[in-house]
Amino acid sequence: LPRLVREFVAQNNTSQIKHVIQILSQEFALSQHPHSRKGGLIGLAACSIALGKDSGLYLKELIEPVLTCFNDADSRLRYYACEALYNIVKVARGSVLPHFNVLFDGLSKLAADPDPNVKSGSELLDRLLKDIVTESNQFDLVGFIPLLRERIYSNNQYARQFIISWILVLESVPDINLLDYLPEILDGLFQILGDNSKEIRKMCEVALGEFLKEIKKNPSSVKFAEMANILVIHCQATDDLIQLTAMCWMREFIQLAGRVMLPYSSGILTAVLPCLSYDDRKKNIKEVANVCNQSLMKLVIPEDDEMDEAKPSVTIPVEPTSEESLSKPEAVTTGESQLPHHGSNELDVTLNQPVFFPFSCERIQVTLNLDGIVQVLDYHLSDTSIGMMTRIAVLKWLYHLYIKTPRKMFRHTDSLFPILLRTLSDESDEVILKDLELLAEIASSPAGQTEEAHGPSDGSDVRPGPVELHVPARAGQLSSSSTKGLECSPSTPTMNSYFYKFMINLLKRFSSERKLLETRGAFIIRQLCLLLNAENIFHSMADILLREEDLKFASTMVHTLNTILLTSSELFQLRNQLKDLKTPESRNLFCCLYRSWCHNPVTTVSLCFLTQNYKHAYDLIQKFGDLEVTVDFLTEVDKLVQLIECPIFTYLRLQLLDVKSNPYLIKALYGLLMLLPQSSAFQLLSHRLQCVPNPELMQTTDSTKPSTSFKRTAASNIDYTELLQHFEKVQNKHLEARHQRAGRAEQLDRRVVL
């Protein structure tokens, strides 16, 4: 047969050559008899050898019948087919590349063949074909990618190993740019990464690592946007290796592509946020997710607030950010970046190296999908099963968005407000603190002043008219912990329409959740006094409590506010302002507080002591004889006596030295003494009053000099008679309410008896 074929080649008799190949194919290789098929395969191989370099002209006729035998049920026949094709390819070399897809398809099937001999033969053929592809510069990558994309989703381990080996080969060939087609195969690669075989997982890790190196070398040619959603999906994988690898890729994509990734923010946050609450078992994933989160946050800039979301996209310059400002994971490696191996504690973070921004000199089109981002953040904040660190990250995101894009964010405030109020009941103090920072920013942002007064809750909660709030020249200082890791708010101290609504809803929450008021009420109000203006907070709360229908809650809330006012270091400035009542604003604040403080008689007296209205305090105590003296009432008097001994009332105790100038102070204290039973508080106050000096002994020799003691002239325009009448009116309401409660309790007891 080879001699005959060579004669035909010498005669250039192509028709006879085709006739010989046809007979070998149809009558032998495709015969029903197995021995004939074996002979046909051997004949086709011999024919190819005889053709030599001319075999390339007849490759289709030579290859097709051999590939058909790859599906033969007889393993010996499949082996002969593999051997025949090896000889055909070995002779033709580069001429087989136009037929590469059918060869690859056949080989991918043989790679999973159950017969070890067939598999061994296919491996030899596979190596030969790889050598040919590596040597050639005519490989049709475009035509091959659809087949690779299809085969990469095979679940067979041997087929997967075959696919990965070819990807590694193609990636190593300088003339083949597989990176352009990475979006076509990236999803399949991540699926193979989850294979049960450690060897296949390792091979896939190497392949992905090589791709990532190439991406870092040539970021300008990478199709980041086309692969973003693929990474989002695999960043949520249950397999740790897949999730860690995808998260590392996501980190590199955000840092290399910059704002190109911004349209995919909602998906990225969906994948990243839950990882922030992982425990030490997934420490690596948590650390990389944290870098992703912070890098993504830095992509949002103030210019995003000026864009028109109605347009499909807006062209803006990309601003590269330094990677040095990102928080550093605990374990960092230096040197060349590689994907971390499964279980490794080393992460490819390379934070000390500058980041290359391929688009820094271009203008790209990006759109910040704020609606999608807010929806994701709202979902994670509402989910009670989400970990603490995730909730903190969500609140930081919302705060960042209100700082960078306040105008757009205020469109979402009405929907966010209820969940932010519910978050105040969180178990974590840190979560509550971040929540308060966010609520304070919403309540004080100038962007909120331009919005219409749509309340976060039903309109019945909001007063018809706005409250008049005094705004000092400078804003309240933020605590050091509140600004840590976040930008300082550029907001002015002016309060917008949401401030008053916030105060209303906060008090409403305290009313419905008494446990929250007892355990966290003081903490929340003190932090708000740091974040916002303390005078505005007390003024607005007093104004709201004045209209509170639940008198018992109003009394409890007034007592809480009074304790904070008298004892908190954060309110030192406000106490000094009230102590002297030198300005119209301070006198206005005193009157506002007084009217609400009347819900609690003892707190009203303490307010008078604080503001040095001793005569009025004495007048109030005189009215106590008409009140119902209960155990709770006496307990509060006891606490007031304890407060008088505290450093806050040092000035009051010193004024006891000037008996002539402060007679009503002494009378008021004796009034409290007469109210108390023979208790430890009685003994304490009694001992204090025994120390009051005899006025004659304190008489100075020079009686012509005016007394240097305190004299109130500034508050002369306060109508104390009207305030006293208001006190009586409020206390009568409380008395009626107590009688009604007692009557309802008595009726209930009767029903129980009946």
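Just so we're aligned, residue 1 is where the sequence shown starts under full-length UniProt numbering, counting upward by one.
No residue lacks a Cβ here, since even glycine has one placed at the ideal position from N, Cα and C.
* Would you mind working out which of 596, 568 and 549 sits nearest residue 541, comparing C-alpha positions? => Ranked by Cα distance from residue 541, the options 596, 568 and 549 are led by 596.
Report yes if the C-beta distance between residue 398 and residue 438 is below 8 Å; otherwise report no. Against a cut-off of 8 Å, the Cβ pair of residue 438 and residue 398 comes out as a contact.
Problem - N-terminal and C-terminal residue of the alpha helix (DSSP H) that residue 272 is part of - result: In the DSSP annotation of this structure, the continuous segment of the alpha helix (DSSP H) that includes residue 272 starts and ends at 265-272.
Roughly how many angstroms separate the alpha carbons of residue 664 and residue 608, rounded to a whole number? Cα-Cα distance, rounded: 12 Å.
*Is the number of C-beta pairs between the segment 280-295 and the segment 401-408 that are closer than 8 Å three or more?*
No, the segment 280-295 does not touch the segment 401-408.
Fill in: Cα-Cα separation, residue 692 to residue 586
Cα to Cα, residue 692 sits roughly 31 Å from residue 586.
Using C-beta distances below 6 Å, list every residue in its chain close to residue 190, excluding the 5 sequence neighbours before and after it, in chain order.
Excluding the 5 residues flanking it on each side, residue 190 has same chain C-beta neighbours closer than 6 Å at 234 and 242, in chain order.
- prompt: residue 444: buried (16+ other C-beta within 10 angstroms of its C-beta) or exposed?
  reply: That one is buried.
Practice prompt. Give a single yes or no on whether residue 533 has its beta carbon closer than 7 Å to a heavy atom of the ligand GTP.
Written response: This structure lacks the ligand GTP, and indeed carries no ligand of any kind.
At 4 residues or longer, what runs of the alpha helix (DSSP H) sit wholly inside the segment 523-583? For secondary structure counted as the alpha helix (DSSP H) over 4 or more consecutive residues, the segment 523-583 holds these complete runs in sequence order: 534-545, 551-567 and 572-580.
Taking the beta carbon of residue 117 as the centre, do at least 16 other beta carbons fall within 10 Å, making it buried, or is it exposed?
Exposed: under 16 other Cβ atoms inside 10 Å.
Assign residue 366 to one of three DSSP states: helix, strand, or coil.
Strand at residue 366.
**OP:** Run the CB neighbour count on residue 687, radius 10 Å, all protein chains shown included, and call it buried at 16 or more, exposed below.
**Re:** By the neighbour-count criterion, in which a residue is buried when 16 or more other Cβ atoms sit within 10 angstroms of its Cβ, residue 687 is exposed.
Quiz item: Are there 16 or more other CB atoms within 10 angstroms of the CB of residue 286, so buried, or fewer, so exposed?
Solution: Around the beta carbon of residue 286, a 10 Å sphere encloses 16 or more other beta carbons of the protein chains shown; the residue is thus reported as buried.
Open item on the list: I'd like the list of long-range same chain contacts for residue 257, defined as Cβ closer than 6 Å, with 5 residues on each side in sequence excluded.
Closed with: Within the same chain, 224 come within 6 Å of residue 257 by CB-CB distance, once the 5 residues on both sides are set aside.
- Message: Quick check on residue 104: does DSSP put it in helix, strand or coil?
- Response: Here residue 104 sits in helix by DSSP.
### Query
Is there a Cβ from chain B that is less than 8 Å from the Cβ of residue 693?
The chain inventory of the structure shown lacks chain B, comprising one protein chain alone.
ask   = Nearest-angstrom Cα distance between residue 139 and residue 85?
value = Rounded to whole angstroms, residue 139 to residue 85 spans 19 Å at the Cα level.
>> Using CA atoms only, rank isn't needed, just tell me which of 550, 601 and 531 is closest to residue 562.
In response: When the alpha-carbon of residue 562 is set against those of 550, 601 and 531, the nearest one is in 601.
| request: Examine the Cβ distances between the segment 92-99 and the segment 55-74 and report whether three or more of them are shorter than 8 Å. | output: Contact holds: three or more Cβ-Cβ distances are below 8 Å.
> Taking residue 671 as the reference, which of 618, 643, 17 and 651 has the closest Cα?
Replying inline: Residue 671 has its Cα closest to that of 618, out of 618, 643, 17 and 651.
Can you tell me whether DSSP reads residue 777 as helix, strand or coil? Outside the displayed range of the chain (1 to 754) lies residue 777, so it cannot be described from this structure.
Within a Cβ cutoff of 7 Å, which residues of the same chain sit near residue 381, ignoring the five residues on either side of it in sequence?
391, 394, 419 and 423, listed in sequence order.
Selection from 661, 644 and 373 that minimises the alpha carbon distance to residue 684: In this structure, 644 is the residue among 661, 644 and 373 with its C-alpha nearest to the C-alpha of residue 684.
Figure out for me which residue from 745, 17, 501 and 240 has the closest Cα to the Cα of residue 414.
Looking only at 745, 17, 501 and 240, the smallest Cα-Cα distance to residue 414 is reached by 501.
* To do: Specify whether the segment 644-662 and the segment 617-636 touch according to this definition: at least 3 beta carbon pairs, one from each stretch, less than 8 Å apart.
  => The segment 644-662, when compared against the segment 617-636, does not touch it at the 8 Å Cβ threshold.
- request: Round the Cβ separation of residue 527 and residue 433 to the nearest angstrom and send it over; I've been treating them as touching at under 8 Å.
  value: Their Cβ separation, rounded to whole angstroms, is 6 Å, which keeps residue 527 and residue 433 in contact under 8 Å.
Tell me, please, whether the segment 210-221 touches the segment 260-273 by the rule of three or more beta-carbon pairs shorter than 8 Å. Verdict: no, contact absent.
Exercise. Leaving out five residues before and five after residue 551 in sequence, what residues of the same chain have Cβ atoms less than 8 Å from its Cβ?
Worked result: Excluding its 5 nearest sequence neighbours in each direction, residue 551 has C-beta neighbours in its own chain below 8 Å: 599, 733, 734 and 737, listed in chain order.
Chain-order list of residues whose beta-carbon lies under 8 Å from that of residue 63 (same chain, five-residue window excluded) = The residues 85, 88, 96, 99, 102 and 103, in chain order, have a CB closer than 8 Å to that of residue 63 in the same chain once the five nearest residues on each side in sequence are set aside.
Just to confirm, is the Cβ distance from residue 679 to residue 640 under 8 Å? For residue 679 and residue 640, no; Cβs fall outside 8 Å.
| Whole-angstrom Cβ separation of residue 666 and residue 656, contact assumed at under 8 Å? | Confirmed, Cβ separation roughly 7 Å.
task = With distances taken Cα to Cα, identify the nearest neighbour of residue 134 among 16, 108 and 177.
result = Cα-wise, what sits closest to residue 134 is 177.
Quiz prompt | Residues of its chain near residue 408, where Cβ-Cβ distance is below 6 Å and the 5 sequence neighbours each way are ignored | solution = So the qualifying residues of the chain are 305 and 370.
Check your understanding: Which ranges would you report for the beta strand (DSSP E) in the segment 52-114 if only whole runs of at least 3 residues count?
Key -> Here no run is fully enclosed.
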